[in-house]
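Those sequence lines, one after another, are chains A and B.
Mapping the first sequence onto our numbering, position 102 (from 1) lands on 155, and the numbers just tick up by one.
Mapping the second sequence onto our numbering, position 228 (from 1) lands on 263, and the numbers just tick up by one.
Even glycine gets a Cβ: it sits at the ideal position worked out from N, Cα and C.
Read the structure below first, then the notes.
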Amino acid sequence: MIKFSKKTYLYKIYTWMPLIILYISVFNEFDFNYLNLEYFSFNFPFILIFYFSLKEYHHFDFFLVFIAGLINDTVVGLPLGISSLSYILICIFASYLRNITIRPHLIKDWFYFLFTISLINSVNYSILFLFFSFELEIVFFLINNFFTFLFYIFFTTIFNRYLKGINE
Amino acid sequence: MASSRDDFIIAIRSAFLKKSTKQKFSLLTLVFLSAFIILLSNLDLKPIRVLKSIISEIVFRSSFLVSIPENFLLSSYLNIKEYSNYHKEFKITKEELNELKSENISSKIIKSENEELKILIDGYFSSKNKILAKVIVDHESPFLKTIIINKGSKEKIKIGTNIYDRSYLVGRVIEVNYTTSRILLLSDLNSSVPVSITPGNVQAIVNGTGDKKGEIKYIKGNLIDNIKSRSIAYTSGTGSIFKSGKPVGRIELYEENNIKKILIDFYSDFSQLKYVFAEVEGEIIEKQNFEEKKSTNLSTEKIKLDLINEELEIFKDTNLKFIDENQNLKTEINRLNEKMYILEKKNNEYKNSAKKEQIDQEELEFLRLNLLYSNRCQSKKLFSTGYNIGSKEYKDCIMRKGKKIRKGKKIND
């Protein structure tokens, strides 16, 4: 594994990596849509935000997450504030889970994540449909929800290794 | 019970209000801030519009920069794929070129006719100009099908400006910033385009499906059968949102659970858009050199020619189908005539047999009555009041049950 000296700039960039990746993903809509698989899409920022809020990562600033939401809205073309609200709600749910959990368990976190993203996607869909009269396909939301849930485990493994590298 | 409720409240309060050492704002503050921004974005106020425009400008440019590595990887992959297909494509193109050459003369005639007809339609040729714009953000979101171009209000682009890929319609502008604009693609669920479908000149509305193809949803029920597969759809200009006569796509017919579905395969591949044309009113702002213009015009002409050729092919196909159908109908008529002749013959036979049966019945009745009334009708030697046996009068008398008629006077026995 790569080891950094803790005083170098490279190490500092490495510690800010979750937020950098979050910003790249919102600027770029990172969801593998260019694979052209029918209906396939997942929400990578949801996974990243939930994981690092749950782990209370010290470089994961909620205000910057909020700004990332605004950028995502601008790039996707949604009304400003929708994604910010979703991201902050994920942070709240993750913080609540962290507060009530004494012994963390991956599977419990996983299903709690499913509950959280389902609720947030429903809120999103309702706001867009009722207040902004957007024509949206609910199937896309369901499939996006399902794949986001599936990919959580995969990304958790990668993020665990990242945190392990930081702590070492 | 009370302690568990307390725990829940403490956990909730902690989640909402507690700030970690590095956090600048509590989550509750950020929730309120998000709700406030959503509320503001719902209001159509000028300062908010300006602010949104500034944010969009910065974000779109940044998004373009951030997308460079990904776009580079993607374009490299596509280039490699393209190179591997060159030989195959070359053969196909050669064949197509030969076909086109042979059809060129007839196309020229049709083209001149077409142009004459177009001039007759008022407002078809207007002084609008097309400017070239680069697609700077194209993320193919599964929810909203939009792209961002590098031309905005600076180049006189307005909300509703029509956007083309070569001559094919791809969408319209829904958001304008100073140097960028957002285009709503035809494939988006919120997109509706009034079209004419030829052959048949059927008027319809094409809606986006969120997928690569559109769907024709609003059409008069009795006109559905007039639409044929591979027909061409072009903008009708109804509602003045889109200019008339712009090619949109080809018709594809599907049937699912006995429900006829009419899809439209767009001419333009929206996932491959690099440059598009925006149709602005007034003078051309961007100075294109003569060669570029010439090549654009040539390609536009070529596309039009292709379209007319395709239309011709459809007419030919339809004609052939009609001829086939006609022949089938003739054969069917002959078969039915034969059947009719046989049935007529049978009918005559039945009629004859019925007649014969009726005669037999009469004979039988005569014989029965003869047994009863022969004495009354027979001629006797002493008093010649009867008739000779076998004569018509005798038979009539028997049938009248022995009643005789003499010189217009009826005599009762």
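Do you know whose CA, among the options, lies nearest residue i's CA?
| i | options | result |
| --- | --- | --- |
| lysine 278(B) | Ser202(B), Ile262(B) and Ser264(B) | Ser202(B) |
| serine 97(B) | Ile171(B), Lys123(B), Phe60(B) and Phe350(B) | Ile171(B) |
| serine 136(A) | Ala121(A), Thr61(A) and Leu150(A) | Ala121(A) |
| serine 148(A) | Leu123(A), Tyr62(A) and Tyr165(A) | Tyr165(A) |
| leucine 221(B) | Leu86(B), Leu204(B), Pro234(B) and Glu428(B) | Leu204(B) |
| glutamate 346(B) | Ser426(B), Arg370(B) and Ala268(B) | Ala268(B) |
| leucine 63(B) | Leu138(A), Ile74(A) and Tyr110(A) | Leu138(A) |
| glycine 243(B) | Leu189(A), Ile160(A) and Ser171(A) | Leu189(A) |
| aspartate 311(B) | Leu78(B), Arg207(B) and Arg84(B) | The sequence given here places valine at residue 311(B); aspartate does not occur at that position. If we check each option's Cα against that of valine 311(B), Arg207(B) comes out closest. |
| phenylalanine 193(A) | Leu78(B), Gln238(B) and Asp246(B) | Asp246(B) |
| glutamate 138(B) | Lys296(B), Leu340(B) and Ile45(B) | Leu340(B) |
| serine 288(B) | Glu379(B), Lys248(B) and Ile209(B) | Note on residue identity: the sequence assigns leucine, not serine, to residue 288(B). It is Lys248(B). |
| leucine 68(B) | Trp163(A), Ile141(A), Arg151(A) and Ile211(A) | Ile141(A) |
| phenylalanine 116(A) | Phe60(B), Lys374(B) and Tyr422(B) | Phe60(B) |
| isoleucine 226(A) | Ile219(A), Lys108(A) and Leu101(A) | Chain A is shown from 54 up to 221; residue 226(A) falls before or after that span and cannot be answered. |
| isoleucine 160(A) | Asp114(A), Leu63(A), Ile219(A) and Phe204(A) | Phe204(A) |
Going along chain A in order, which residues have a C-beta closer than 7 Å to the C-beta of residue i?
| i | result |
| --- | --- |
| valine 101(B) | Ile77, Phe80 and Asn81 |
| valine 211(B) | Chain A residues near valine 211(B): none, gap ~13 Å exceeds 7 Å. |
| arginine 201(B) | Neighbours of arginine 201(B) on chain A: none; closest Cβ ~22 Å, over 7 Å. |
| phenylalanine 60(B) | Phe115 and Phe116 |
| threonine 181(B) | Gly130 |
| glutamate 105(B) | Asn81 |
With 16 as the cutoff for other CB atoms within 10 Å, does residue i come out buried or exposed?
| i | result |
| --- | --- |
| phenylalanine 305(B) | buried |
| serine 186(A) | exposed |
| threonine 61(A) | exposed |
| alanine 313(B) | buried |
| phenylalanine 168(A) | exposed |
| serine 179(A) | exposed |
| alanine 389(B) | exposed |
| isoleucine 73(B) | buried |
| glutamate 321(B) | Note that glutamate 321(B) scores 45 on pLDDT, short of 50, meaning its location in the model is unreliable; the coordinates nonetheless yield the value given after this. Exposed, by the Cβ-count rule. |
| leucine 109(B) | exposed |
| leucine 378(B) | exposed |
| lysine 356(B) | exposed |
| glutamate 190(B) | buried |
| phenylalanine 95(B) | buried |
| glycine 158(B) | Low per-residue confidence applies at glycine 158(B): pLDDT is 42, beneath 50, and the placement is therefore not dependable enough to give any value. |
| serine 426(B) | exposed |
| phenylalanine 449(B) | Any question about residue 449(B) goes unanswered here, given that chain B covers just 36 to 448. |
| isoleucine 103(B) | exposed |
| lysine 65(A) | exposed |
| threonine 209(A) | buried |
| tyrosine 110(A) | buried |
Pop quiz: residue i and residue j are said to be a contact at Cβ under 8 Å. What is the actual Cβ separation, rounded to whole angstroms?
| i | j | result |
| --- | --- | --- |
| proline 132(A) | phenylalanine 105(A) | Wrong, their Cβ atoms sit about 26 Å apart, outside the cutoff. |
| leucine 65(B) | phenylalanine 119(A) | 5 Å |
| valine 129(A) | phenylalanine 80(A) | Going by Cβ atoms, the distance from valine 129(A) to phenylalanine 80(A) rounds to 11 Å, so no, they are not a contact pair. |
| threonine 196(B) | glutamate 92(B) | So it is not a contact: roughly 18 Å between Cβ atoms. |
| glycine 284(B) | threonine 270(B) | About 11 Å separates the two Cβ atoms, so there is no contact after all. |
| proline 451(B) | threonine 273(B) | The question about residue 451(B) has no answer here: the residues shown for chain B are numbered 36 through 448. |
| isoleucine 232(B) | serine 266(B) | 5 Å |
| asparagine 181(B) | isoleucine 218(B) | Inspection of the sequence shows that residue 181(B) is occupied by threonine rather than by asparagine. Confirmed, about 6 Å. |
| asparagine 77(B) | phenylalanine 184(A) | 7 Å |
| isoleucine 192(B) | lysine 186(B) | 5 Å |
| isoleucine 299(B) | isoleucine 251(B) | 6 Å |
| phenylalanine 103(A) | isoleucine 77(A) | Going by Cβ atoms, the distance from phenylalanine 103(A) to isoleucine 77(A) rounds to 18 Å, so no, they are not a contact pair. |
| isoleucine 170(A) | threonine 68(A) | With a Cβ gap of about 27 Å, isoleucine 170(A) and threonine 68(A) do not count as contacting. |
Which residues in chain B have a C-beta closer than 7 Å to the C-beta of residue i? List them in chain order.
| i | result |
| --- | --- |
| phenylalanine 184(A) | Asn77 |
| isoleucine 124(A) | Val94 |
| isoleucine 173(A) | Within 7 Å Cβ-Cβ: nothing; isoleucine 173(A) doesn't reach chain B, min ~12 Å. |
| isoleucine 155(A) | None at all; the shortest Cβ gap to chain B is about 11 Å. |
Starting from residue i, find everything on chain A with Cβ-Cβ shorter than 9 Å and list it in chain order.
| i | result |
| --- | --- |
| glutamate 296(B) | Looking at the sequence shown, residue 296(B) is not glutamate but lysine. Correct list: empty, because the minimum Cβ distance to chain A is about 16 Å. |
| arginine 217(B) | Gly130 |
Taking residue i as the query, report the chain B residues whose CB atoms sit under 8 Å from its CB, ordered along the chain.
| i | result |
| --- | --- |
| leucine 133(A) | Ile72, Ile73, Leu75, Ser76, Lys87 and Ile90 |
| leucine 138(A) | Val66, Ser69, Ala70 and Ile73 |
| isoleucine 141(A) | Leu62, Leu65, Val66 and Ser69 |
| isoleucine 74(A) | Those within 8 Å of isoleucine 74(A) in chain B number zero; the least Cβ separation is about 11 Å. |
| isoleucine 170(A) | Chain B residues near isoleucine 170(A): none, gap ~15 Å exceeds 8 Å. |
| isoleucine 66(A) | Under the 8 Å cutoff, chain B gives no residues; its nearest Cβ is about 16 Å from isoleucine 66(A). |
List the residues of chain B that residue i touches, going by C-beta distances under 9 Å, in chain order.
| i | result |
| --- | --- |
| threonine 127(A) | Lys87, Ile90, Ser91, Ile93, Val94, Phe95 and Ser98 |
| phenylalanine 119(A) | Phe60, Leu65, Leu68 and Ser69 |
Check the Cβ of residue i against every Cβ in chain A and list those closer than 8 Å, keeping chain order.
| i | result |
| --- | --- |
| valine 208(B) | Those do not exist, as valine 208(B) stays about 12 Å from chain A at its closest Cβ, beyond 8 Å. |
| valine 172(B) | Val128 |
contact_flag[the segment 110 to 121 of chain B, the segment 95 to 103 of chain A] where n(CB pairs < 8 Å) is 3 or more: Flag = no, the segment 110 to 121 of chain B and the segment 95 to 103 of chain A do not touch.
contact_flag[the segment 192 to 200 of chain A, the segment 173 to 183 of chain A] where n(CB pairs < 8 Å) is 3 or more: Segment contact: the segment 192 to 200 of chain A against the segment 173 to 183 of chain A, three or more CB-CB distances shorter than 8 Å; contact assigned.
At least 3 beta-carbon pairs within less than 8 Å: the segment 428 to 435 of chain B vs the segment 404 to 412 of chain B: A contact exists between the segment 428 to 435 of chain B and the segment 404 to 412 of chain B.
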